Each structure stands twice: as C-alpha cells, then as structure tokens.
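Protein chains: 4
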Amino acid sequence: MERFEPTDPQYESKVRESFARQSIMALIGARLAHVEPGYVEIELGFREDLTQQHDFLHAGVTTTIADSAGGYAAFSLMPPGSSILTVEYKINLLAPAAGETFIGRGRVVKAGRRLFVSEIDVIAKRGDKEVCCLFGLQTAMMLTARPDGPPPG
Amino acid sequence: MERFEPTDPQYESKVRESFARQSIMALIGARLAHVEPGYVEIELGFREDLTQQHDFLHAGVTTTIADSAGGYAAFSLMPPGSSILTVEYKINLLAPAAGETFIGRGRVVKAGRRLFVSEIDVIAKRGDKEVCCLFGLQTAMMLTARPDGPPPG
Amino acid sequence: MERFEPTDPQYESKVRESFARQSIMALIGARLAHVEPGYVEIELGFREDLTQQHDFLHAGVTTTIADSAGGYAAFSLMPPGSSILTVEYKINLLAPAAGETFIGRGRVVKAGRRLFVSEIDVIAKRGDKEVCCLFGLQTAMMLTARPDGPPPG
Amino acid sequence: MERFEPTDPQYESKVRESFARQSIMALIGARLAHVEPGYVEIELGFREDLTQQHDFLHAGVTTTIADSAGGYAAFSLMPPGSSILTVEYKINLLAPAAGETFIGRGRVVKAGRRLFVSEIDVIAKRGDKEVCCLFGLQTAMMLTARPDGPPPG
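Chains as they are written, first to last, in our numbering: chain A, 1 to 153; chain B, 1001 to 1153; chain C, 2001 to 2153; chain D, 3001 to 3153.
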C-alpha cells in the first residue's frame, strides 16, 4: 500500500469543511469518521428511511458514502485552492447492505496530475461481524481553476 | 430500440408496489413517473438537503434514482414470483446535477435468462433546457427463489 | 443523437494515420471501416487464432476494437496537435462473440474540455443476423502537450 | 485476504487445459504462469506487434490477459463440470503499458453461488521496476449446464 504525502498541510480541515457542506450527509446521518492523506472513512448508521424494498440500505445510499469517501481521499492529496469532481465510478454490490453500522472507505490507488483513481468500499457491521457489501473504483478530477464550495450566488 | 413483452401482466402494479416500499424514495422526495415493459422513469425535484459541497445534487442521489429506474425496468420484464438484485453499475457523471427537476431513466438493453443489462441516465431539467448529467450501465439479477419484499421478520 | 463539429479539418486523415500505427490491428486483421466526427467503426473478421476456450472471439479482442473505436471517435473531435489516452472503460459482454464479421463502434456522448465519454459496442454479424455482443462506456483524455505518435526514440 | 478452498481437486489442470484452448494466448505469446485457488497469473512479453500508436501495449492486449486471469481465478473455485462466462469488467488504465514483461493477475474477492467478482490488474516490469498499468474489477458467471470447451461442432 502506497503512502502519500499531502501537498496541503491543511488537508484534514479542508476535507472536514467540505464534507460539512454536503447537506445530503446530514439528511442521511453520515459523519466523517477518519481522514488521512489518501484515505477517508465515512460512517453511517442503519435507518429504516434509507432502505430499498427488501429492507436493506439502498445501493444509492451506500454509493453516497463510498463516492464521498473516495472523492475526499483524493481531495486530501490536492494542493490548496483546488477542488474535486467525480468523473465516474463502478460499483459491485457484493452482499445485501444489512447491518447496524456502515463504513464507507476510499483509498487512492493512483494520484495522477489531474486524475485520481480510488478504491472504494462499504463495510457492513453487525455486532462483531463485518461484511463488505460494496466494492468499486472511482475516478476523480482535480479542478485547479476554482476553489471548493458552491458557485457564487 | 428493442420492444419487450412483459411476462407478468401485472408488471406495472408490481413495480409500483415495490417502489412504494423503497423508503429512501420518500426521504428524498422521488416518485415513480412512468412504467412500461423494460423502461422506467423516476422523477425527483431539487432540494437543498440533497446536495454536495458545490450545491449540486450529490452523485449518490442521482445514482439512487438511476439505479432504481434500471432495476425496475428489468423487474417489469420478470415473471411473477421473482425478485431483483442489482449486481453492479458503472456511472459517468457527464455534467453537474444542476436543475429544478431530475428524471432518472432505465431502459433494458439485454434481457437474459438471469441477468438483465440496462442503460441508465439522469436528465436535469431547468426551464426548457435538458442536460444529461449521469449516464451508465447496470447489471441486475433475477432471483426466482424468493418474492419481492422484505425478508420475513 | 448529438452532431459534432470537428475542430480539426484533417480529422479523418489523422485518425487513419494513427490507426495505421496501431500494430495490434494488423496482427488481428482489423481495419478502420468508417470515420466521421465523433463516430468510428472498426471491422474485424473471425479468425480461429483470436478465440477463447469456447471458440468465440476472446473478450479482449472485441475490447481491442471497441476501445480503439471509442478512442478514435473522441480523437476525431480534438484539435490539431493533441493526442488521446484512454482513461478507463466498462464493458458488458451481452452475448458470445460468435459470427463471421465484427463491427466495433464508438460514438462520443460527451465532449468535455479534457475528458470525452463514448458509448462503445461490437456487433457480431452472421449472414443477415446481427447481435450486439459487447456494450460499454469509455472515458478518454485529451493530451495537449504532445502530438499523437510514439515517444521520440 | 480471504483464502479459498477449491471445490474441484483438479482445479489447476482444468485451468491449464482451458487456457491452452484460448488460441489468442498463443497469438500474443502469453503463458499461464501461476494458478492457485482463487488466484491466477498470466505472463506476457512485450512485442512490437501488440502495440497502439504510442508504442505501448494496446489496452485491449493487457485487458486480454487481465480478463483471462480474473476468469480463471474464478474458474479455479468452481466445481467439476461447470464452465465460466465473463459478464462484465471495468478497467482503469493507470499508466502506459510500457515494459519488458507484463503480469496479468486475477484474484477472486467474492465467490457467490453463481457470480464471482475478481480484482484484476496488470503489472508492467522493466528491470527491477514494477508499475501497475491496469486495475479493474470483473464479474463472471458460473454455468452449470455445460462443461468448459467449444460447443460440439
């Protein structure tokens, strides 16, 4: 596993500030659990109002925390003044998203000049048991022209 | 574009009943707009509490409606007594999810014996303008052993 | 279907010259069948030495023509002096690659400033029958710093 | 990393026999380097006639060995009398395929009842240096109705 050196000494605070502006995270009850250079974890508790027809978390919900985990893993490595855009992802749903707590994890596997590729997954925890319910790959792009945050309104 | 014959005459009502059990749809305010054999549309209005850090809909939210649209497009073609499981999807985010209304669309491109492949996309509408903000492919599997619905509790 | 205006009037000859340098195409017997702005077709005849264990074309072979078709569809829209790099693709194998002739097709669905997304597929033809055996999505990146061709040796 | 128990004691010989029937492997000069339960390596030397326009291996060629490595990793875990079909894959091209030798690797990450998900990659070696040039995910399906091999002619 490659270790990355952050190019922004404020990498953790900028990730935390950006995450705090993702209002969807408040709606679903997700929190930013861990940030290190090139690696991020987002935690989410099970809730009935996040489910699909079989009473498991909807894949869109686990994708939400996996996508943000991968994106912020990449963002943690970007220089000050840049922002991030997810280009694409591919996700395999390995098991039903059944559990009490879910950890979305993103880990950068390739930090290019503009493009960052991250491995993303979601671990479903129930008691002592852990199952990987989502596994995927994400490509994100660094935007140097504009800082992170909403467009000026 | 291939036209499909449904093997379940109740295809629309079974899709609507299953969709109604996806509680995440109520949380985000999505509604099932259109069902035909092999094709489904889900509509979602913009809301501030569904956004990411740039004030666009989070990709996980547009993925939620695209995944369900593709899955229900496939489910509409399945025989009575079967249920559906998303195996995987791949999504390109073609443009920011900016708009007033979003239409998630799923269209089956291959109906196999067990596996169904659907093209999925999300159209962002603002006034008269329409932009495709998400485009992808989804693979779903038919489960014959168990009917649609939550596991017996 | 969007129509694209090429930014390079020599779009067809530059695609043909680049294709001619892809020596793998000579090895497998593929030829560039059609070039228009944002759309390319590559044709390949069945050969026993291109197959997998079930006597169908190996997925890597159909991927080869699909990837180049998508990449050259994007390259046809790029300005003079640029070159192209495939970033990623996702491919569904919809049917066995059984046939006499195979047409790999690439069609740009989104031409961004740097990134191009193309729909790619392969049609297997046998007599009058046509089957889509491969369907996918490709992301390619425009490189402005360096012209198409091998690195100076 | 999960360890898998093979359900077929002849797992290695059946993989080797099947690989030997993939005639594309002889054409490109690939050889089956390593087989263990749930893990396979395929080795390929650089050749000029396998390249794209920049003199690197064409992505379709590295995909060929990655796809077979992933598929045979899954096949090694399947019971006697079954065969395998690649359903789909997604591949990120992390670096140019430049090197003297290339190792395609497939490792099963999820062995389901019918579907197998494998991580696939290709390592490019030049002297002592190793670079991962391809990284992806593959889904394959077990066919129980028919043994591995060409359809009866």
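Virtual Cβ for every residue (Gly too), placed ideally from N, Cα, C. These figures come from a predicted structure and were not determined experimentally.
For the region 2059-2100 of chain C, the continuous alpha helix (DSSP H) assignments of 4+ residues that do not extend past its boundaries occur at 2059-2075, in sequence order. Taking C-beta atoms under 8 Å as the contact rule, Gly3060 (chain D) and Gly3106 (chain D) fail to qualify, at a distance of about 17 Å. In the structure shown, Phe2019 (chain C) adopts helical secondary structure according to DSSP, grouped into three states. In the three-state scheme derived from DSSP, where H, G and I count as helix and E and B as strand, Ala1145 (chain B) is classed as coil. Annotation: Glu2005 (chain C) to Tyr2072 (chain C) spans about 15 Å, alpha carbon to alpha carbon. Going by DSSP, Glu48 (chain A) is part of no beta strand (DSSP E) at all; its letter is neither H nor E. Here DSSP, grouped into helix, strand and coil, assigns Glu1012 (chain B) to helix. Excluding the 5 residues flanking it on each side, Gly81 (chain A) has same chain C-beta neighbours closer than 8 Å at Thr144 and Pro147, in chain order.
Within 10 angstroms of the beta-carbon of Lys1129 (chain B) lie fewer than 16 other beta-carbons, which makes it exposed. Taking a beta-carbon distance threshold of 7 Å, Lys2110 (chain C) does not count as an interface residue toward chain A. Listed along chain B are Lys1090 and Leu1137, each with a C-beta nearer than 8 Å to that of Lys2090 (chain C). With respect to the 7 Å criterion, His3058 (chain D) and Ile2024 (chain C) are classified as neighbours on the basis of their beta carbons.
Separation of Ala3097 (chain D) and Ala3124 (chain D) (C-alpha to C-alpha, rounded to the nearest whole angstrom) is 6 Å. Relative to Ala140 (chain A), the option among A:Val122, A:Pro150, A:Arg113 and A:Gly149 whose CA is nearest is A:Arg113. Contact between Val2015 (chain C) and Ser2083 (chain C) does not hold, since their C-beta atoms are separated by about 12 Å, which reaches or exceeds 8 Å. A direct Cα-Cα distance of roughly 18 Å separates Arg1031 (chain B) from Leu27 (chain A).
Interface annotation, Leu1032 (chain B): not in contact with chain A, CB-CB separation never under 7 Å.
The beta carbon of Met2078 (chain C) is closer than 6 Å to those of Met2142 in its chain, skipping five residues each way along the sequence. When the beta-carbon positions are compared, Asn2092 (chain C) and Val1040 (chain B) stay at least 7 Å from each other. Per the coordinates, the alpha-carbon of Leu1050 (chain B) lies some 8 Å from the alpha-carbon of Gln22 (chain A). Taking 7 Å as the CB threshold, Val2117 (chain C) lines the interface with chain B. Contact of Thr3144 (chain D) with chain C is not assigned, every C-beta pair being separated by 7 Å or more. Ala3066 (chain D) has its alpha-carbon roughly 11 Å from the corresponding atom of Leu3044 (chain D). With 16 or more other Cβ atoms inside 10 Å of its own Cβ, Ser68 (chain A) counts as buried.
For the set D:Ala3111, D:Pro3150 and D:Leu3134, the Cα lying nearest the Cα of Cys132 (chain A) is the one of D:Ala3111.
Taking 7 Å as the cut-off, the Cβ atoms of His54 (chain A) and Pro1037 (chain B) do not count as close.
Taking a C-beta cut-off of 9 Å against chain B, the contacting residues of the region 3079-3103 of chain D are Val3087, Glu3088 and Lys3090, listed in chain order. In terms of beta-carbon proximity, Asp1121 (chain B) stays away from the interface with chain A, with every pair separated by 7 Å or more. Using a Cβ distance threshold of 7 Å, Arg3126 (chain D) and Glu3100 (chain D) count as a contacting pair.
With respect to Leu3134 (chain D), Asp3121 (chain D) sits close: the two C-beta atoms are nearer than 7 Å.
Here Ser18 (chain A) is buried. Its C-beta has 16 or more other C-beta atoms within 10 Å.
If you draw a straight line from the Cα of Thr2064 (chain C) to the Cα of Arg47 (chain A), it is about 45 Å long.
Contacts between Leu2050 (chain C) and chain D, judged by CB atoms closer than 8 Å, involve Ser3023, Ile3024 and Leu3027 in chain order. Cβ-Cβ distances below 8 Å link Phe2102 (chain C) to Glu2043, Leu2044, Gly2045, Phe2046, Leu2057, Thr2062, Ile2065, Val2122, Ile2123, Ala2124, Lys2125 and Cys2133 in the same chain, with the five nearest sequence neighbours on each side left out; the list follows chain order. In this model, Glu1119 (chain B) and Ala3020 (chain D) are separated by some 36 Å (Cα to Cα).
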